[in-house]
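> FYI, in the working numbering the residues of the sequence shown are 8 to 93. Note that the Cβ used here is the ideal one computed from N, Cα and C, for glycine as well.
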Amino acid sequence: MNVSAEITLMPLNNDYKKIIKDFILSLRNTDFDILENPLSTQIYGDFEPVMDMLTKKIMVIFSKSDGIMINLKVVKGNRINYKADF
8 MNVSAEITLM PLNNDYKKII KDFILSLRNT DFDILENPLS TQIYGDFEPV MDMLTKKIMV
68 IFSKSDGIMI NLKVVKGNRI NYKADF
């Protein structure tokens, strides 16, 4: 089952720029389709591998730093080609 996940990382500390940059670079170093924008990163792929990867990446960042807040949205289906038609 394909999913589209959107993740926003919000470090609540002074080193937030490095934390965000390192997290995005780690997501880029995967085999998933990734789209980035200034507010979030979208990941597209099969449900179990996407969620397994996100769980591992989140565990790593939680172990490295305190005050990390993450907003994660997951929708069933690959929405990478979605274009608003209204």
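What does Met76 pair with, by DSSP beta-bridge criteria?
Its beta-bridge partners are Met17.
> Can you tell me the Cβ-Cβ gap for Thr37 and Ile14, rounded? I've got them flagged as a contact below 8 angstroms.
With a Cβ gap of about 12 angstroms, Thr37 and Ile14 do not count as contacting.
> In whole angstroms, what separates the C-alpha of Glu55 from that of Ser11?
Spanning the two alpha carbons is a distance of roughly 12 angstroms.
> So, Ile27 versus Ile41, is the Cβ gap smaller than 9 angstroms?
Not in contact: Ile27 and Ile41 (Cβ atoms no closer than 9 angstroms).
> Which complete alpha helix (DSSP H) runs does the region 30 to 83 hold, if anything under 4 residues is left out?
Here the runs fully enclosed are 54 to 71.
> Thinking Asp53 and Asn9 are a contact (beta carbons under 8 angstroms), I'd like their distance in whole angstroms, please.
Contact flag correct, Cβ pair sits at about 6 angstroms.
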